Each structure stands twice: as C-alpha cells, then as structure tokens.
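J.: Dropping the structure in here first, questions after.
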Amino acid sequence: MTSLFAAVRPRQDVLVGALTESRFAASLEDVVTGTAPDAYGDADKFFTATYPSTGLRALLNEALGRLSGGNPTAASVIRLETSLGGGKTHNLIALYHAARGRLSRDRVAEFMDAALLPAEPIPQIGVFVGTSTGATTFPAIDGVSPRTVWGYLALQIGGREAYAHVRVDDEKLTAPGSSALKRVFGSKPTLIMIDEIARYYTTARGHRVGSSTLAQQTSAFLMALMEAVDSLPNAVLVITTTGVTDAFGEDTEMVLKTIEEARSLIARKELVLHPSVEADLPKILARRLFEEIPAGTASEVAEAYARAADRAYAAGLDLPQRMTGAGWATAISRTYPFHPSLIQVLDKRLSTIPNFQRTRGALRLLARAIRRLWDTRPENTQLLHVHHIDLADAILAEELSSRLDRAEYEPVIRADIATQPGGTPAHAEEVDARMGGHYARRLATTIYLYSLTRDVPGVQVAELYGAVLEPSDDPNLLQRALDQLEQTAWYLHADIRGLRFSTEASLVKLIQEAEGEISTTEARRQATKILAEQFRDSALKVKRHWEDAKVPDNADDAWLVIMHWDDFGDARGVAAGDGVPAKIRELWERTPSGGVREFRNRLVFLAPTAGTHEAMVRAVRKHLALESLRRNSDVLAQLSDGKREELKEKAKESQLLARVAVCNHVNLLYVPRGNGLEAVELDIATQASVKPNQTDAILERLAAMDKTLSAGDKPLDPVYVRTKLGQVLNSRQTTMELVRAFARRADLKMVLDRAQIVNLLQAGVRNGVWDYHDPERGDEGWATRDRLATAVRLGEDTFIWPPGSAPAPAEQACPFCGQVHPGRGCSGGDGPGPKPDPAERAFRGTGAAGAAFTSARAAAAEAGRHQLHELIIEIDHIGTGAGVELTRLHTMVSATRPATEVTYDIDLRVELSKPGQTAAVQFHGLASDYMPLREAVKQLLQPRQATLKATLRATFVEPLELSGDAVGDLARIANDTGPTKCTITLITEDT
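First residue of the sequence shown: 1189, per the numbering used here; consecutive thereafter.
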C-alpha cells in the first residue's frame, strides 16, 4: 500500500517552515491596503488554498447576490459567528476579493452561484478591523484623519464628499442617524465589512462622550447602520462576532445586544452564518496544507484501516462500534489524509481552549507536525494520527502546554511522554525501549492531547485504541504497552472516566469528572429524596403529590401539597405570572373521586419554579459526585491529608447546598385568596436561612401574608367575621359550622389552632355579635353579652344564635333602690342630679373610645334622642405613639362604609432625625382621598415624636337608630380598636 509520503505532498511553504504566526493570522485590513502576504493578498493564491466551505459559499451567495441584485431577498445584515481563529476573517477576505472582481471566472462555480456574481466590481466598499485602530485614531484618507468608525467608513466609501454627511458627528464623536448614512451610500452598491468590533469596544469604553461613552455611541451607530443598509436594495453589512466566553467576551455581548435591539428597526432579521462546520475542517486543513490530493487515494487507505480494525476487534481489541464495519472506511475517506480521531481532538478537544483558536490553531499545529513528520518519515505511515504530533519537538510541546496556558503540563510531557534530545527518557519511552517498539509513546501522546480540553478530560480505552491503531500494528502489543504505561507513568490517571494526564490530583478536576458520571436521572432521583426529607408534617400536613395524589377534603387538617417537577413537562416548573397550572387548579377544585371540593381553604400548594431546575440538578449532581469521591478509596489514596480533609468539608457543604438548591427550585406557593389561588414566590433560601423542616418556612410566609390563624396570633374581630359570613349567622348554627366556614372560605384565614375559634366565639358573645348555647346545660348553658359565665366549647351539639335569642333572665330588684331597671344605672330614686338639656343635639364623651362612645350614647338616650345623624371623633396627641392612635382612629368608620360620608381633618407635625428638622402634614377632605397618604404618614410617624390633632367626621345619609345594630357595631369597634384617648360627639335629631 502506498505510504502517506508518496500519496500526498505538503505545500512548499509548509515544508520549508514559511507558515509563520503572522501568515496564519489573516488580516483583512492588510489585504485592503495591499500589504498582506501573497497567501492572502494574491487572490489566485488565496482561492487556490481556500476550501469552499458551506459557510463561505452561503456568505458569497447572500452578500454578492444582494449587491448584484441577483437575489433581492438576500439578507441585508450578515453576522459571521464562531470562536477566535474559526475562519471569520478568512471568509471576509474571500468576500472582499470577490467583490473587487478578483474571483476568476473559472473558479466561480466552486465558490458560489455564478449567476449571483456582480458583472462589475463593487464600487463602494468600507472595511473596519477593530484591532488596528485606537479609540479615535484612524488612518488618514484624502487628507482627512477621521475620529470614529463612521467617519473612517464614509471616507473609504466616497471620499470627502461622502464624509461631509457625517463630518459633524465624526468630529463630535456622536453617532449619525440612518438618514445621514443613506446619503453616504447613495444609490451605488455598497459593502460594509466590520471585523473584530468587540476589540474596539474595549478601547472605546474608556473614552467619554458627554454623559455616554464612545462604545455606546458606536452601538447607536451600528443600529443606524443596520437600519440604513436594510432600507437600500443594494447595500450589505457583514459583521463578525466571537462567543461571549472568548477574549473580549463582555464586549461581544454588548455588540450582540445592539444587534438584537436593532432587529426591530429592520425589515429582515440578520442572517447568522458559521464560517465552517465540523465536516469542513479536514477539507479546509487539507486544502491549505497539501497540494491537490489525487482522486482515489483516500479509498485505498480507508479500506486498509477498516480491515485492520475488523481484524483487531475480532482478536479481542476493545474498539468503539463506529470504528468497525464499512462505516469506518467512509469516515476515514471523509477526513483523509487525517485520521478521524485527529480531527476530533482538534475540533472537539483543543478548540474548547480559548487560546487554541480552532482552524488557525489547527493549521499552526499541523504545519509544524507535518514538516517534522516529513523529515523523519516513520515506516508504515498512511494517515496523520494524533500521535504524529511529536511532543519531543520543543516548539510543539510548548504549543500544547504554555501557549494554551498550561505551562504546568511541560513537566508532565517530559516525565511521562517524550523528552527532548539529551534528556532523561520519559516513562513511555522507557516502556518502548523494553518492548522494542513505539506503542507506549503513541498511546501517551494521544492520551495527552485528549486530556487538553476545557470539558471533561481523558479518553476511553476503546477510543484510545481506535485513535492509535494502524494497519501494521499488533493489537496484543498495543494492549501490553498500555498496561505497562499505566503502571509506570507518574501523571497518568485511570478510572471509570477513562485515561487522562493531570499535573496532580486536583479537587476541581476530580469533582468535574465525577459530576460527568452522575446522570441527570440519578441527580433528579436524589433531589426528589431531598425534597421529601426537607418538607415534613408540622402545623401543615405534607402531601407529596408524586407519592399520593389523593388529597382529602375535610375541615380537620390543613395540607401543604408539594408538586414534583415531572408534573410540568419539559419546563420542569411554572412561572408565577403564567396563572395557576391546570393540575393544581384541578386538585384545589376537585376531590379525589371527582366531586367538587368543599374545604378549599385547607390546601396550599408548593410547585417548582421554571428556570431553576438545572441549577438544582447541578447542585445535587455535585453533591453526589463529592460523596462518591469521599467514599472512593482509590481517589483518597491519591490525595494528601490536607486535600482529603478539604474533600470531606466540600462534601459536607455540598449536602447543605443541595438542600438549598432544592428549596429554591420548589418555591412557588399557591395560597387560597379571595375567590381563587394566589401565586407567591418564596424568599430565596440560603445556607443560613434554610430550615431543618422547610415546612416551617411556608408557615412563616403564610403568617407574614396574614393568612393563618395560629396560637399566639391576634384574635379575630367577631364583627368582621359576622360581616364576612353574612346571612349564615342569621339563624342558629353549630359551633363546628364556624370551623367549616373557615375551611371553605378562601377569603378567610386558615385556622391552624382551633383554640382561636373558641376565643372568637367568646369575643363574639362578649361583644354582643352572637349568643352561645350549650343545650346540655339548659338555661344555664346560655352565654350572652350580659351573661358571660358559661364556658364555650366546640362541637356539633353547641350552637351560636343571633344576638337576643337567649331567653331573658329572671328580673331582680336593685339592691340600692329596690326597683327593677335592667340595662340602666341606678340613680337612687328621684334624688338630685344633672338632667340632660332636652334641646341639645350634641352629646359628648371623653376618654378611651369605648367608654367615651358609651357615655355619649347614654346621654343621648337619657335626653330622649333616637337617631344618630353624625359621629365626630377627635384625638389630640403629643409624643411617640401618634401613628398607633391615628391608625385606631381610622378603624372607627370605614372610608368605604355605604351611605356614609367620611372626612378627615389632620394636623400633624413630626420631629425628624436631626435636631431642628421637622415634617408637617395637613389634610382636610374625604377619607377616600386620604387613602394614598395613609401608609406614608404611618411610616413617617413611627417611631418619632409628633404632635397630632385629628378629627374623623362621619355623616350618615340615612340616620342610624341609636338603639339599633349599626350603632351597636360602632360601639363595639370603639371598644375593640378605637383610640385610647379621644372625644366622641354624637349629633342627633332635633327635638
């Protein structure tokens, strides 16, 4: 079989070592100015060494098709995107030569659709390369030294005449508008090419332009430029970007954001092209590094490799499935003269390292390797393998260590793989010397290059054998060499992940590799276990929906129903703004048997939040990986005592972080409110805030929402409950019906302590909201406002009645006067005492609101008054606590009370933090107009010194009966929540 050296010939510049660094780093600006090497500046030589990749053909067809008018629907804005060294600039050079009419007619069909090539060179081309200028220093054109990108491009396109349209903006460093740019372009075909713009942003960000920066002005210019070229039928903008993780990634992100914002201004979206794809790489490399390869050469070699792989596999050598059978010959034919594994290492391993720069890095590396290979010409060489990158060459060793920011790997190379002439033999070379071959060094070199990646390093044994195997190899010797290499190499690590070189046992690398072995399924399974352990029964019982979806419907227990991420499809969660998920709504509205759920105020739901699932999986995966490493005796044996202790601490911390991550994923609470469920996103859990039982955090949030009624909470106002329940309490009800009412009504609190219902019953009796009766005790079982002795208990056999339902107690004579006068104080007969003025309309009381109201009401009744027309409450307070008193005043009469006009008079002066500084508030108007000020005034008052004078005046459109329920309610409110000191005036009817 013909050897590689006879089948193909490297280009002369490769053989003589003329492919220097500068020749690999193509410069568009040098091509434009005519200073580029012939490899780029001479169009014929350039296209001869250029492979027409899919991306390049698409670029030429789109850009030239629009410029020539041959493709009116072509994109006006084209963005070339890839990593550094990925071929962007090379493609721009190809476009520049073609636009200048330098793509010879006999080559056109190879690179593009010939019908789209312009008949004449494009008259107007503007080029900007972000690495070749300062922030405001640009090459002079036509005697003009522009200060901005737009000035520089305008001078290239149309000289001084075009520059005049943007001259003022160029001098002021302000971005021109799209109209000005359209005048620059005129009606002629115009091509704008912008390369490495992110590098320019780095410089321009430090130059201030008014309140902005030159970088921001450049962004505004790009938006105007995109709008301008989109509005012209024969204008095209081609701009390049790298990934945001590459050099200048932050500025690249700024460019991408600008392009995104500009999309709304243009009719067509920008076309994103990748200069080359994986399948193009071997063809690009072969075209640039070798003379034309004769047809049919690849198939002979491919068939020989396929047969060798089949023989080795049959003899017991472990090989990947793809490297056996007819498909392997096809794969080799596609990558010839390179072994597919070499292309894989270059494209999938080394290219993940930013400093390698993909195509450019591959060309630089292979040019040196090919030259050295042609100098040494090892026997039986038919393909270029990974192991042909000779690490004994000091320059190649540096390329694959220091140049990749991996200088610490140089000792690894010298100790285990290959030494430089005159040095001590490396361990692989020692193995080869013992075995009488070169297998160990080939294996070690391949493992090393597979280890150079930003992802999980290393190579599986089967993949390694396939990458090294040549048709003349003995599979048994290959396996023996690897066994001995594992036993002797200092920096070679072998575990379930495969083989890799490392400088030492780094915890970071160990953890990353261990994480790669934890499947997403395994991580989710562990996360589910953590979720079950983290939320346990408390005042809320926990129902794990994935274990048991049947949620009971009763008034007894309050449930926290936890939903699983698997309930929400690929999203693995829900967003608070997306409404209540159908699954949760069905659980809330329906019983397990399909009926209508009655006790909906006994359920709260906890669901995962969309967008946080992967973060949880990562945290749990890391925890599992650390636990696996901590229990792995082989790993521990490689570590120093300090590293083992560090691993132990990291594993302990990861357990807590996994719990935190689970809680932060499952943190969207659905709470019964009003007539439905309200979505509430819980606070972010931290290592300090996560609780042993996270159900307690749910209870705290519900308490903060004033949703729950627990032991120690402020008792409920029975008048409020009576108002909420309405006609339900107009007739006799069991006390348990009150419990059930709270369990039904989503607009009521969720009762977690039934003692609070007992307190509510007692308060209602005490304030005359209802009567209570325990029939087992007969008449003694009644409790009313006037008879509070009876103890209250909950049951189906105890009842609440409308007030006044209790039979009147037996009348007893007054011990002072001997007469019966229930409900009125004794005057001791007809003795002397003040008599009310029968003509008086205003009756006052002073003191605590409850007592003051009772006093004023009694005085009005003594005067024979029957109707309340107006209620006036005045407070006069000095010192702290004014906020509390004002709040109490607000509770007396609701601003929204029907058929009532409520006004406030407020005169407030507050001392602020610094002496002599005060704030004053004066208000006179309707209570409804005061509402926007209420919270602000409250915050202002607490806890400062203040002088406060305030009056609440309630005028009743329909007068209230002094002895009626409405006035009784006002009296109870005054007693329960009214000011602690005030003057209350009742305005009644005329006599």
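Each residue gets a CB set at the ideal place from its N, CA and C atoms; glycine is no exception.
Just so we're clear, the structure is a prediction, and the values are computed from it rather than from any experiment.
Short of 6 Å in beta carbon distance, which residues of its chain neighbour residue 2252, apart from the five on each side in sequence? Order them along the chain.
T.: Any question about residue 2252 goes unanswered here, given that the chain covers just 1189 to 2179.
J.: Would you tell me roughly how many angstroms separate the C-alpha atoms of residue 1947 and residue 1745, rounded to the nearest one?
T.: Distance between the alpha carbons of residue 1947 and residue 1745 is about 20 Å.
J.: Is residue 1753 helix, strand or coil by DSSP?
T.: Of the three classes helix, strand and coil, the one that applies to residue 1753 here is helix, per DSSP.
J.: Please report how far the alpha carbon of residue 1688 lies from the alpha carbon of residue 1529, in whole angstroms.
T.: Going from the Cα of residue 1688 to the Cα of residue 1529 covers about 16 Å.
J.: Given a cut-off of 7 Å, decide if residue 2057 and residue 1146 are closer than it, judged by their beta-carbon atoms.
T.: Limits of the chain in this structure are 1189 at one end and 2179 at the other, which puts residue 1146 out of reach.
J.: Per the contact definition of three or more C-beta pairs closer than 8 Å, is the segment 1700 to 1708 in contact with the segment 1656 to 1667?
T.: The segment 1656 to 1667 is not in contact with the segment 1700 to 1708.
J.: Can you tell me whether DSSP reads residue 2112 as helix, strand or coil?
T.: Correct three-state label for residue 2112: strand.
J.: Would you say residue 1747 and residue 1791 are within 7 Å of each other, going by their C-beta atoms?
T.: In this structure, residue 1791 lies closer than 7 Å to residue 1747 by Cβ.
J.: Output the distance between the C-alpha atoms of residue 1503 and residue 1493, rounded to the nearest integer angstrom.
T.: Taking the straight line joining both Cα atoms gives about 15 Å.
J.: For the segment 1189 to 1207 against the segment 1472 to 1484, are there 3 or more C-beta pairs whose distance is under 8 Å?
T.: Yes, the segment 1189 to 1207 touches the segment 1472 to 1484.
J.: Note down, one range per segment and in chain order, each beta strand (DSSP E) of at least 3 residues found wholly within the segment 1553 to 1635.
T.: The segment 1553 to 1635 contains no whole beta strand (DSSP E) run of 3 or more residues.
J.: Could you check the C-alpha separation between residue 1898 and residue 1883 for me, to the nearest Å?
T.: Answer to the nearest angstrom: the Cα atoms are 15 Å apart.
J.: Of the choices 1975, 1684, 1866, 1636, whose alpha-carbon is the least far from that of residue 2181?
T.: Because the chain is modelled from 1189 through 2179, residue 2181 falls outside the range shown and cannot be assessed.
J.: How is the beta strand (DSSP E) around residue 1379 delimited, first residue to last?
T.: Note, residue 1379: beta strand (DSSP E), 1378 to 1383.
J.: Any idea what DSSP makes of residue 1906, helix, strand or coil?
T.: In this structure, residue 1906 counts as helix in the three-state DSSP scheme.
J.: Does residue 2064 come out as helix, strand or coil in the three-state DSSP assignment?
T.: The answer is strand: DSSP assigns residue 2064 an E or B state.
J.: Let me confirm a value: residue 1776 is counted as buried when at least 16 other C-beta atoms fall within 10 Å, else exposed. Which label applies?
T.: Classification for residue 1776: buried.
J.: In the DSSP assignment, find the unbroken alpha helix (DSSP H) run with residue 1329 in it and report its ends.
T.: Taken as a continuous stretch (DSSP letters only), residue 1329 belongs to no alpha helix (DSSP H), as it is neither H nor E.
J.: Which of helix, strand or coil does DSSP assign to residue 1520?
T.: In the structure shown, residue 1520 sits in a helix (DSSP, three-state: H, G or I).
J.: Just how far apart, CA to CA, sit residue 1179 and residue 1711?
T.: In the structure as shown, the chain begins at 1189 and stops at 2179. Residue 1179 is therefore absent and cannot be evaluated.
J.: State the start and end residues of the unbroken beta strand (DSSP E) segment that holds residue 1680.
T.: Per DSSP, residue 1680 belongs to the beta strand (DSSP E) from 1680 to 1683.
J.: Which residues in the same chain as residue 1803 place their Cβ atom closer than 8 Å to its Cβ, once the five residues preceding and following it in sequence are excluded?
T.: 1849, 1852, 1853.
J.: In angstroms with no decimal places, state the Cα-to-Cα distance between residue 1629 and residue 1668.
T.: Their backbone Cα atoms lie some 13 Å apart in a straight line.
J.: When you compare the CB positions of residue 2126 and residue 2064, do they come within less than 7 Å of one another, or not?
T.: Going by C-beta atoms, residue 2126 is not nearer than 7 Å to residue 2064.
J.: Apply the 10 Å Cβ neighbour rule to residue 1223 and answer buried if 16 or more other Cβ atoms are within range, or exposed otherwise.
T.: That one is exposed.
J.: Taking 6 Å as the line, does the beta carbon of residue 1983 fall inside it for any heavy atom of the ligand FAD?
T.: Absent from the structure shown: the ligand FAD. Ligands present: none.
J.: By Cβ distance, which residues of its chain are closer than 8 Å to residue 1836, with the 5 residues on each side in sequence left out?
T.: The answer, listed in chain order, is 1818.
J.: Assuming residue 1923 is part of the alpha helix (DSSP H), what are its boundary residues?
T.: Residue 1923 -> alpha helix (DSSP H) spans 1923 to 1932.
J.: Buried or exposed for residue 1608, going by 16 or more other Cβ atoms inside 10 Å?
T.: With fewer than 16 other Cβ atoms within 10 Å, it is exposed.
J.: Using CA coordinates, which residue listed in 1618, 1789, 1739, 1799 is at the minimum distance from residue 1771?
T.: Looking at the Cα atoms, 1739 is the closest of the given residues.
J.: Assess, as a yes-or-no matter, whether the segment 1293 to 1303 is touched by the segment 1323 to 1343 under the definition of 3 or more beta carbon pairs within less than 8 Å.
T.: No, the segment 1323 to 1343 does not touch the segment 1293 to 1303.
J.: Considering residue 1426, what are the terminal residues of the beta strand (DSSP E) in which it resides?
T.: Where residue 1426 is concerned, the enclosing beta strand (DSSP E) stretches over 1423 to 1429.
J.: Quick one: what does DSSP say residue 1529 is sitting in, helix, strand or coil?
T.: Note: residue 1529 maps to helix in three-state DSSP.
J.: Determine the extent of the beta strand (DSSP E) in which residue 1268 is found, giving its start and end residues.
T.: Note, residue 1268: beta strand (DSSP E), 1265 to 1269.
J.: State the CB to CB distance for the pair residue 1408 and residue 1373, rounded to an integer number of angstroms; the pair is presumed to be in contact (CB under 8 Å).
T.: With a Cβ gap of about 18 Å, residue 1408 and residue 1373 do not count as contacting.
J.: Cutting at 7 Å between CB atoms, please list the residues of its own chain near residue 1940, excluding the five before and the five after it.
T.: Only 1727, 1746, 1896, 1897, 1898 meet the Cβ criterion.
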